[in-house]
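Chains as they are written, first to last, in my numbering: chain Y, 4 to 365; chain L, 125 to 345; chain V, 68 to 188.
Inspection log for the structure reproduced underneath, given as structure tokens.
And the structure:
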């Protein structure tokens with residue numbers, strides 16, 4: 004039994020996409036306890052509702068995080084529409100879901116690259132990001148922006164995807180599939196990757212439920228929860244949607260769940276593109292939210308379930324806008340997963356919750 | 125599985141027992157948030173089960189002490205530290221307590237500091253609500269239709285927001301002034317065409333009338 | 068002993084066209100509809116100021132008395148709210164981004180007087 008040492012991890016670390024500080028209490032290379040600390044990118048964005056009205060705030064909501072930009076603008080718009088009782092046309096709902104699923108593919112590809120980089124497989128990182136570039140090109144062609152799309156607005160969407168662009172999107176996704184298949188086979192069957200991920204950071208089903216975990220982090224521990232299965236918006240028109248689950252609960256399971264979710268998203272986009280209705284892409288929204296009105300909303304972002312809350316006060320400025328992001332919900336799970344692991348596995352475990360700390364702190 | 129959401133009030137004293145019953149029935153904990161209100165702070169606790177998102181609103185004063193639910197739901201420690209740092213709400217018994225240094229902030233409880241824009245927006249909302257209430261009371265009291273034109277306009281002005289009302293009033297005054305100026309110009313034209321002696325008499329009469337009007341106004345003031 | 072699983076992809080990439088461009092010798096053509104920078108067709112502008120009120124970044128300034136329309140291209144976040152809100156459709160997004168500069172500057176445009184006959188016609 005060795006002496007306990009405290010090793011500080013972060014906020015600057017090559018493996019972390021965003022600043023997170025951990026104090027790891029270590030005894031002879033085994034982590035015994037961990038104390039997370041965040042707060043390095045707190046920008047106080049929720050206070051900006053006081054100076055930006057509800058139409059302008061969507062551009063701030065987008066910029067909370069670069070990876071989840073589409074998700075936040077979509078969740079915010081849906082919440083304000085619920086608050087003001089606005090119904091969005093069907094075509095706009097389909098377009099929003101298509102862009103959101105493309106955003107999920109790009110986020111998972113980004114994450115797969117980072118996970119590979121975490122254990123030193125840099126060429127896999129480059130290949131994943133090379134495929135991700137094709138998705139960003141789709142975004143650029145259809146919305147005008149690569150990362151910050153600015154295409155969702157309260158009442159609908161700002162741009163349309165015509166038939167030519169849609170067939171281009173589907174062709175690009177088909178083209179990604181073959182290369183992506185090779186990457187997926189490598190990630191899931193290569194023995195060196197398996198040595199680093201199988202059995203590492205396992206969380207059982209009961210712990211996952213007790214810690215209220217969300218997203219692929221929880222689905223890898225067999226927690227069957229995905230907001231998309233509620234069938235709201237265009238998700239309700241899907242023939243059959245089953246969340247991807249795995250019951251091992253270790254890092255390998257989380258990698259596998261995210262890999263399969265990319266393929267599932269490609270299928271969702273193809274199905275919705277075939278069923279796309281014609282119609283308007285936005286309705287005009289007039290007036291302001293009523294005084295004291297409240298609305299909440301949940302959305303399945305790439306990292307999990309994101310909760311939005313809005314309250315109006317009779318003026319064009321919202322009284323309160325709150326986004327509870329999936330990573331803040333998963334911090335407790337991460338702290339538990341880190342107990343009892345080897346010091347060398349700390350990077351992998353932190354990365355498998357897909358931390359998006361700028362979303363957590365806003 | 126459909127999705128529905130609702131908001132229910134909850135008393136602070138029942139909070140911990142309520143969270144226990146939720147846990148026993150298998151509800152999943154979603155989040156905790158705080159909203160600043162006129163009287164104090166509203167805390168919204170959300171739980172979800174089978175597509176039903178149940179939000180419970182607990183209204184408390186600024187210096188109330190809230191029991192922590194992180195002994196039942198460990199994931200709550202993040203939000204309880206956050207509401208302590210940003211709103212200054214005292215939460216007792218948090219499982220992992222950062223005691224104020226969760227976010228490194230320059231000001232204490234920054235979300236309770238009202239910026240000038242927010243204060244102005246709330247004032248405006250209060251005035252609009254007061255005007256609306258006054259109008260509703262007047263209509264309920266059955267105001268007569270006789271001074272409809274003037275009275276109606278005044279009521280409309282009161283119901284509009286103050287900036288716009290001021291602009292409308294200014295426009296009305298400018299219009300009145302322009303009409304008066306036009307009348308004067310017309311009179312000048314007629315005087316020029318008249319006989320010079322008659323013109324002088326008319327001018328003298330006009331000046332006397334103007335002086336009387338001014339003294340009457342001042343006397344009235 | 069693992070096998071070289073990415074072998075097929077690696078070998079193929081020796082013969083395929085590279086994914087990257089030799090920038091700055093080659094440049095990617097900007098797609099139409101790219102949110103680059105705001106352009107104002109001043110002949111149609113009526114200096115109503117709606118664009119300045121709608122801008123979430125406070126990048127636009129409209130002075131009705133001096134008849135100028137100004138934009139700070141470095142504050143602009145390319146959201147295109149002003150383009151959507153303009154009642155005369157004189158604002159548009161040009162697909163080339165504001166180039167990198169050493170000093171911030173403002174773009175000020177003089178809005179010419181609208182000839183009365185043209186307005187009436």
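Built from N, CA and C at the ideal position, the CB exists for glycine as well.
With a contact defined as Cβ atoms closer than 8 Å, residue 177/L and residue 154/L qualify at about 7 Å. Annotation note: the region 78-127 of chain V contains the following uninterrupted beta strand (DSSP E) runs of length 3 or greater, listed N- to C-terminal: 104-107. Beta-bridge partners assigned by DSSP to residue 130/L: 178/L. Listed as beta-bridge partners of residue 184/L by DSSP are 165/L.
Checking the DSSP bridge columns, you'll see residue 299/Y partnered with 312/Y. For residue 216/Y, the secondary structure class from DSSP, reduced to helix, strand or coil, is coil.
Between residue 133/Y and residue 288/Y, the alpha-carbon positions lie close to 40 Å from each other. Counting the other CB atoms within 10 Å of its CB gives residue 167/V a total below 16, which places it among the exposed residues. Between the region 150-167 of chain Y and the region 113-120 of chain V, the count of C-beta pairs closer than 8 Å stays below three; the two stretches do not touch. Contact between residue 111/V and residue 146/V does not hold, since their C-beta atoms are separated by about 21 Å, which reaches or exceeds 8 Å. The alpha carbon of residue 78/Y has as its nearest neighbour, out of 241/Y, 309/Y and 205/Y, the alpha carbon of 309/Y.
Cβ neighbours of residue 224/Y within its own chain (closer than 6 Å, five residues either side excluded): 206, 208, 211 and 252. Residues of the region 41-57 of chain Y with a C-beta atom less than 9 Å from some C-beta of chain L are 41, 42, 43, 45, 47, 49, 50, 52, 53 and 54, listed in chain order. If the five residues before and after residue 173/V are omitted, its C-beta is found closer than 6 Å to the C-beta atoms of 137 and 139, all from its own chain and listed in chain order.
Counting along the chain, residue 146/Y sits inside the alpha helix (DSSP H) bounded by residues 125-146. Classified as buried, residue 229/Y has 16 or more neighbouring CB atoms from the shown chains inside 10 Å of its CB. Per DSSP, residue 155/L is one residue of the beta strand (DSSP E) stretching across 152-160. When secondary structure is reduced to three states using DSSP, residue 170/L falls in the strand class. If only complete runs of 3 or more residues are kept, the region 192-217 of chain L shows the beta strand (DSSP E) at 214-216, in order along the chain. Judged by pairs of C-beta atoms under 8 Å, the region 21-40 of chain Y touches the region 329-338 of chain Y, as three or more such pairs exist. Taken through DSSP and simplified to helix, strand or coil, residue 150/Y comes out as coil. Counting only Cβ-Cβ distances below 8 Å, residue 212/L has no contacts in chain Y at all, with the closest Cβ about 14 Å away. DSSP places residue 171/Y in no beta strand (DSSP E) but in the uninterrupted alpha helix (DSSP H) bounded by 166-192. Counting along the chain, residue 229/L sits inside no beta strand (DSSP E), nor does DSSP assign it H or E at all. The Cβ neighbour count for residue 329/Y, taken over all protein chains shown within 10 Å, is at least 16; the residue is labelled buried.
Here DSSP, grouped into helix, strand and coil, assigns residue 119/Y to helix. For residue 137/L, there is no enclosing alpha helix (DSSP H), as DSSP gives it neither H nor E.
For residue 242/Y, the secondary structure class from DSSP, reduced to helix, strand or coil, is coil. Here DSSP, grouped into helix, strand and coil, assigns residue 279/Y to coil. The region 348-361 of chain Y makes no contact with the region 76-90 of chain Y; the number of CB pairs closer than 8 Å stays below 3.
Not a single CB atom of chain Y sits nearer than 9 Å to the CB of residue 257/L.
Under the DSSP assignment, residue 332/Y falls outside any beta strand (DSSP E), being part of the alpha helix (DSSP H) whose first and last residues are 329-341. Contact of residue 125/Y with chain V is not assigned, every C-beta pair being separated by 9 Å or more.
Within a 10 Å sphere around the beta-carbon of residue 46/Y sit fewer than 16 other beta-carbons, which makes this residue exposed. For residue 171/Y and residue 254/Y, the gap between their C-alpha atoms comes out near 35 Å.
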